[in-house]
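Positions 148 to 805 (the working numbering) are the ones given, in order, by the sequence shown.
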Amino acid sequence: MMWRNVGHHMSRPWVIFCLGLVVTVVVYWPGLSGTWLFDDYPNIVDNVGVHPKSWSIPDLVSAALSSPASDFKRPLASLSFAINYLITGANAPAMKFTNLCIHLLNGFAAFLFLRSLLRAAGEDRPDSTVSDRKAALIAAAWLVLPINVSSVLYVVQRMESMANLAVLLGLWGYVAGRRRMLGEKRYGCLLAAGSVLGATAIGALAKETAVMLPLYAFLIEWFVFRGHSSSARGHAIDRRVAGFFVVFLLIPMTAGAIWLLPGLLNPSTWVTRDFTLSTRLLSEGRIVLDYIAWTLIPTPGALSFYHDDFVVSQGLLSPVTTALSLAGIVALLCVSLWLRKRLPLAGLGIALFFGCHLLTGTVLPLELVYEHRNYFPSLGLLLTLLVTLTAVPPSRALAQTLARLCLGLFALLWLFITWSTAEAWGNPLSLARELAFRAPDSPRAQYELGRTYIIYSNYDPTSPFIPLVYEPLERAARVPGSSILPEQALIFMTSRMHLPVKDAWWDSIDDKLRKHPATIQDESSLDALAQCLRQTACTFPPERLYGAFGAALSHERRSPRLLAMYAMFAWDTIKDKQLAYRVQREAVAGAPRESAYRIGLARFAIQLGDQQELARQISELQTMNVGGRLGADLAPLQNAYTRMAPAKCASTSSSCEY
Numbered sequence: 148m149m150w151r152n153v154g155h156h157m158s159r160p161w162v163i164f165c166l167g168l169v170v171t172v173v174v175y176w177p178g179l180s181g182t183w184l185f186d187d188y189p190n191i192v193d194n195v196g197v198h199p200k201s202w203s204i205p206d207l208v209s210a211a212l213s214s215p216a217s218d219f220k221r222p223l224a225s226l227s228f229a230i231n232y233l234i235t236g237a238n239a240p241a242m243k244f245t246n247l248c249i250h251l252l253n254g255f256a257a258f259l260f261l262r263s264l265l266r267a268a269g270e271d272r273p274d275s276t277v278s279d280r281k282a283a284l285i286a287a288a289w290l291v292l293p294i295n296v297s298s299v300l301y302v303v304q305r306m307e308s309m310a311n312l313a314v315l316l317g318l319w320g321y322v323a324g325r326r327r328m329l330g331e332k333r334y335g336c337l338l339a340a341g342s343v344l345g346a347t348a349i350g351a352l353a354k355e356t357a358v359m360l361p362l363y364a365f366l367i368e369w370f371v372f373r374g375h376s377s378s379a380r381g382h383a384i385d386r387r388v389a390g391f392f393v394v395f396l397l398i399p400m401t402a403g404a405i406w407l408l409p410g411l412l413n414p415s416t417w418v419t420r421d422f423t424l425s426t427r428l429l430s431e432g433r434i435v436l437d438y439i440a441w442t443l444i445p446t447p448g449a450l451s452f453y454h455d456d457f458v459v460s461q462g463l464l465s466p467v468t469t470a471l472s473l474a475g476i477v478a479l480l481c482v483s484l485w486l487r488k489r490l491p492l493a494g495l496g497i498a499l500f501f502g503c504h505l506l507t508g509t510v511l512p513l514e515l516v517y518e519h520r521n522y523f524p525s526l527g528l529l530l531t532l533l534v535t536l537t538a539v540p541p542s543r544a545l546a547q548t549l550a551r552l553c554l555g556l557f558a559l560l561w562l563f564i565t566w567s568t569a570e571a572w573g574n575p576l577s578l579a580r581e582l583a584f585r586a587p588d589s590p591r592a593q594y595e596l597g598r599t600y601i602i603y604s605n606y607d608p609t610s611p612f613i614p615l616v617y618e619p620l621e622r623a624a625r626v627p628g629s630s631i632l633p634e635q636a637l638i639f640m641t642s643r644m645h646l647p648v649k650d651a652w653w654d655s656i657d658d659k660l661r662k663h664p665a666t667i668q669d670e671s672s673l674d675a676l677a678q679c680l681r682q683t684a685c686t687f688p689p690e691r692l693y694g695a696f697g698a699a700l701s702h703e704r705r706s707p708r709l710l711a712m713y714a715m716f717a718w719d720t721i722k723d724k725q726l727a728y729r730v731q732r733e734a735v736a737g738a739p740r741e742s743a744y745r746i747g748l749a750r751f752a753i754q755l756g757d758q759q760e761l762a763r764q765i766s767e768l769q770t771m772n773v774g775g776r777l778g779a780d781l782a783p784l785q786n787a788y789t790r791m792a793p794a795k796c797a798s799t800s801s802s803c804e805y
């Protein structure tokens, strides 16, 4: 009797979910002791904007608008990094712990959303405990899915998890509002519409992926509610529901497509990628089906974090899996439609998975593969899996037993891989070795292994790690299409330790930069070498870096970021101030809303005594000084202008005119 009571309590939905939270903390805890990785550096470690000196409004506004990851700046995510920094400093474990807390909140929001959704779909008849238990199981399983490890332990992916939290809360509010509309309760329409619009706006401040929320709401409407409400007669569609999706989904999607289309069809949009619009679409068919396998039946080799070794599809039969994958996607979409009237939630899960990948897995010129793009889609797959396996009628006892056994095996597999992966993430060297082992052909994985060996060597020529550096970095450098990161690391290390720098490394840099436009990684590599030279930590000939910049700038399209780096190199290292001034002006013209480039140009103008240019840049910067975020940069520029033009600024009762 006692064990029966224990079993009864353990099967309660809230108990299941709380156990899921505890297990999630346990499996992720080993990974919290890790350090920064890859895009953490430009977005957090090297981004002084998210290192505010105080809690002042100007500092926080500046932090919120400092992200280099997007033109939209993702202010909510950047602000969270800044708050973390103010509380704990640049402490990676503390940032990872915050990520874990956000992940747990996502799990809670998923449980609330799924519970409401399952009840709305009629899963609460005759007992709501059954649907609530299913919701708890799905949410708990989602919390420990291996494919979501990078969304938790990779600090910069807080952008994704924060946006996802808003999406889940928005969907919960939408389902709750629609249920009120069906039950003739007040404010249902307002709750449904307000939840979607408010959550979309808030989520987009963390990452643009939140703009897909209206589409998810539409899919829920189509599969579950079908446009019905208490005010619509019979099977008629409620005009308020239809109007909402026309205004807030159809029209924005159409306008967005029209706005994006010219740029997507312009070949220059794709020059920094090793794929075109057509080859991207062909490749994503294979990738999206891979995501399904990686989510449900993950293996360490599949979840390698780095996927820059992916072979781009060149045609339907090159490779042949391209055509097979596209056929598989069509088949799954047909299954989803077939399930709509038979097992609607299973069909909805498939639709949500593919709907989410419409943004990042179709026409936008983003990198092809990232595991964290499945943070929300994986929830749809779990919904389909659990609803399908629990749809077995009680009369088929053997089938029910096999379904439960299948769920148990899935759970054990997910727990083991998540725990073992988190264990590797807890130590920089073990993580680098593990990821290099999982992805032996990935230039980034091999580069990170070599770079980690360099860090552990502490630039000591006698360190046992030094001999280990060369093999992974030189292997990464030889991979076709790789960036110049490996060569940069080799030059950086050997020059700092006063060891011979091979001409072959410089020649490889020149060759890569002349053949292809510089990528963001290439630009960062050139800047790292320029800074090392400027700080006299490196001793290589400046002429070699000058030649590398020349190779990078030999292409028709030259990024403002690269131009600004070159201008600084020309000013500080080769002492060609007129060249630096001209190039910095070009950088400003290429990105007129980037304040850093205007500040750099203004500082050059001060040194060269160009009063008119200084006045022009101060005037432009003042229009960009939202919330006083540029105050610390503007003050010395204005003081310099005052000294250059004493007659204009002599009056203390009026500000200087620019």
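Heads up, the beta-carbon is just placed ideally off N, CA and C, and yes, glycines get one too. Computed from a prediction, not measured in an experiment: that's the story for all the values here.
- Whose C-beta lies closer than 8 Å to the C-beta of L486 among residues of the same chain, with five residues either side of it excluded? Answer for L486: A493, G494, I497, listed in chain order.
- Query: Counting Cβ pairs, one atom from each stretch, are 3 or more of them under 8 Å apart for the segment 164-180 and the segment 193-203?
  - Reply: no
- Message: Suppose the cutoff is 7 Å on Cβ atoms and the five residues either side in sequence are ignored; what does the same chain contact list for A749 look like?
- Response: L761, Q764, I765, L784
- From what residue to what residue does the alpha helix (DSSP H) around I367 run? 360-367
- Query: Quick one: Cα of T446 to Cα of T468, how far?
  - Reply: 20 Å
- Cross-strand partners of S465 (DSSP beta bridge): According to DSSP, which records beta bridges pairwise, S465 is partnered with G462.
- Distance CB(V539)-CB(L424) smaller than 8 Å: no
- May I ask you to report which of helix, strand or coil DSSP gives C807? This structure does not reach residue 807, given that the chain is present from 148 up to 805, and the question cannot be answered.
- Message: Any contact between the segment 317-328 and the segment 571-580? By contact I mean 3 or more CB pairs, one from each, below 8 Å.
- Response: no
- Message: Taking its Cβ as the centre, do 16 or more other Cβ atoms sit within 10 Å of P633, making it buried, or is it exposed?
- Response: buried
- Query: In the structure shown, what three-state DSSP assignment does S217 receive?
  - Reply: Reduced to three states, the DSSP call for S217 is coil.
- Taking the CB atoms as reference points, tell me whether F687 and S642 lie closer together than 8 Å. Yes, Cβ-Cβ distance for F687 and S642 is below 8 Å.
- Item | Inter-residue spacing [alpha-carbon to alpha-carbon] between H669 and A675 | Sequence inspection shows Asp at residue 669; the His mentioned does not correspond to that position. Cα-Cα distance, rounded: 10 Å.
- Message: Please state whether the Cβ-Cβ distance between S460 and S415 is less than 8 Å.
- Response: In this structure, S415 does not lie closer than 8 Å to S460 by Cβ.
- Message: Starting from G335, trace the alpha helix (DSSP H) in both directions and tell me its first and last residue.
- Response: 335-351
- Which residues in the same chain have their Cβ closer than 7 Å to the Cβ of T442, if we skip the five residues on either side of it in sequence? L292, I294, N521, S525, L528
- Query: Exposed or buried, which one is H645 when buried takes at least 16 other CB atoms within 10 Å?
  - Reply: exposed
- Could you check the C-alpha separation between S213 and A714 for me, to the nearest Å? For S213 and A714, the gap between their C-alpha atoms comes out near 21 Å.
- Completely contained alpha helix (DSSP H) runs for the segment 503-576, where each covers 4 or more residues: 524-536, 544-572
- Query: On the three-pair Cβ rule with 8 Å, is the segment 298-317 touching the segment 342-349?
  - Reply: In short, these stretches touch, since the Cβ pair count reaches three.
- Message: Give me the residue from V730, W417, L484 with the minimum Cα distance to A717.
- Response: Closest in C-alpha terms to A717, from the list V730, W417, L484, comes V730.
- Query: Which same chain residues, not among the five before or five after W183, have their C-beta less than 6 Å away from its C-beta?
  - Reply: V192, A239
- Item | Status (buried if at least 16 other CB within 10 Å, exposed otherwise) for V299 | buried
- Task: Have a look at L578, L533, F639, L207 and flag the residue whose alpha-carbon is nearest the alpha-carbon of Q682.
- Result: F639
- Helix, strand or coil at A410 [DSSP, three-state]: In the sequence as displayed, the identity of residue 410 is Gly instead of Ala. It is helical.
- Message: So the candidates are T789, P466, G432, G350; which of them puts its Cα closest to the Cα of L479?
- Response: G432
- Same chain, Cβ closer than 7 Å to P512, five either side skipped, listed in chain order: T416, W417, R420
- Query: For the candidate residues Y693, A237, I204, G335, whose alpha-carbon lies nearest to that of V302?
  - Reply: A237
- Length at least 4, wholly inside the segment 597-630: the alpha helix (DSSP H) runs in chain order: 613-625
- Would you check if the segment 615-622 and the segment 588-606 touch, i.e. whether three or more CB-CB distances between them fall below 8 Å? yes
- By DSSP, does R325 sit in helix, in strand, or in coil? helix
- Should the segment 214-221 be regarded as contacting the segment 689-702, the criterion being three or more beta carbon pairs within less than 8 Å? no
- Query: What number of angstroms, rounded off, separates the C-alpha of V162 from the C-alpha of L463?
  - Reply: 49 Å
- Message: Let's see if you can read the secondary structure: which residues bound the alpha helix (DSSP H) around G737?
- Response: 724-737
- Exposed unless 16 or more other CB atoms sit within 10 angstroms - verdict on N413: exposed
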